[in-house]
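**Q** Residue numbers (the working numbering): 105 to 374. We put the beta carbon where it would ideally sit given N, CA and C, even for glycine.
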Amino acid sequence: MKIAFIGGGNMAAALIGGLAGKVAAAEDIHVVDLNADALQALKDKFGVATAQSIDGAIANVDVVVLAVKPQQMREVVASLKPFIGAQLIVSIAAGIRMVDLSRWLDGHQAIVRAMPNTPALIGKGISGVVPHAQVSTLQRAQADSILKAVGETLWLDSEEKLDAVTAVSGSGPAYVFYFLEAMEQAAAQLGLSPEDGLQLAKATFAGATELARRSEESVATLRERVTSKGGTTYAALTSLEQSGVKGAIVQALQAAAHRSKELGDEFGKA
105 MKIAFIGGGN
115 MAAALIGGLA
125 GKVAAAEDIH
135 VVDLNADALQ
145 ALKDKFGVAT
155 AQSIDGAIAN
165 VDVVVLAVKP
175 QQMREVVASL
185 KPFIGAQLIV
195 SIAAGIRMVD
205 LSRWLDGHQA
215 IVRAMPNTPA
225 LIGKGISGVV
235 PHAQVSTLQR
245 AQADSILKAV
255 GETLWLDSEE
265 KLDAVTAVSG
275 SGPAYVFYFL
285 EAMEQAAAQL
295 GLSPEDGLQL
305 AKATFAGATE
315 LARRSEESVA
325 TLRERVTSKG
335 GTTYAALTSL
345 EQSGVKGAIV
355 QALQAAAHRS
365 KELGDEFGKA
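1. Under the assumption that V233 contacts L260 (Cβ atoms under 8 Å), give the Cβ distance between them as a whole number of angstroms.
2. Determine the extent of the beta strand (DSSP E) in which T270 is found, giving its start and end residues.
3. Tell me which same chain residues have a C-beta within less than 7 Å of the C-beta of T83, skipping the five on either side of it?
4. Short of 8 Å in beta carbon distance, which residues of its chain neighbour G229, apart from the five on each side in sequence? Order them along the chain.
5. Taking 8 Å as the limit between beta carbons, can you name the residues of its chain near A214, skipping five residues before and five after?
6. Note down the Cα distance separating V349 from I133, rounded to an integer number of angstroms.
7. Which same chain residues, not among the five before or five after Q144, have their C-beta less than 8 Å away from its C-beta?
8. Taking the beta strand (DSSP E) that V180 belongs to, which residues open and close that run?
9. Leaving out five residues before and five after A116 in sequence, what residues of the same chain have Cβ atoms less than 6 Å from its Cβ?
10. Quick one: what's got a C-beta closer than 7 Å to D267's C-beta in the same chain, skipping five residues either side?
11. From which residue to which residue does the alpha helix (DSSP H) around G368 run?
12. For S343, count the other beta carbons within 10 Å of its own beta carbon; 16 or more makes it buried, fewer makes it exposed. Which is it?
13. What are the boundary residues of the alpha helix (DSSP H) that V234 is part of?
14. Mapping the DSSP letters down to three states, classify T308 as helix, strand or coil.
15. Do the CB positions of A99 and K106 come within less than 8 Å of each other?
Structure below.
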């Protein structure tokens, strides 16, 4: 499989790292980015082909991965259009809808939208994925193999659900980091060093998450099992509930999903 990446940022680099020499030969991966330093780093690390502008090499690939920011997408697709034939287009940009990509590409319908997240940088990501109705079984498998190179895939039955995926898992790592920051701060106030506090918090998150993954019980049941009435955990969770933390988290995810939809409205109009 020959793959072109339009954009050579962190997420593209993560995908390339998972693909090169495994799913695709390094020489069959072509990366386009304006940043010469970023391209050189990718070339040195993975042995991929690079270019600072979209050129005829794109016409010879099987899959084009659009890894640019939503506000750059319209201009990038305009440059890409002359070289698009039967290739599969995989977009990992937040908000940009398939109908707009198809319109910008004169009706091209071999399109898959995906929303990966930053744990892909260590091969532990998860991507919500939705295909255009005209995507073939082979093309779906190609998209799946690309995204599974850096973690799990969750295929969806409607594009509208990608806004929710963006809110839950796309932006989700930042919520975890935010909570870790708070635990580190609290640990310091309780007399631990910031380093010890962060070590404890990281290990607790990792262990609790792995326990939830392996357990057949609901997360609510797991929570209840470690919450004895009158105990320390009960005191902490009661404080969280009284502060409206759960409601604030729900509102935060709703805000993220709303912003994802806004991005599509804002940058898909052109």
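**A** With the given structure in hand:
1. 7 Å
2. Looking at the DSSP string, T270 is not in any beta strand (DSSP E), and its letter there is neither H nor E.
3. This structure cannot speak to residue 83, because the chain is shown only from 105 to 374.
4. A118, P220, N221, T222, P223, V254, G255 and E256
5. A190, Q191, L192, I193, H236, Q238, V239, S240 and Q243
6. 45 Å
7. T154
8. Note, V180: premise wrong, no beta strand (DSSP E); alpha helix (DSSP H) at M177 to L184.
9. F109 and A171
10. A361, S364 and K365
11. V349 to F371
12. exposed
13. Looking at the DSSP string, V234 is not in any alpha helix (DSSP H); the run it does join, the beta strand (DSSP E), is G229 to P235.
14. helix
15. Outside the displayed range of the chain (105 to 374) lies residue 99, so it cannot be described from this structure.
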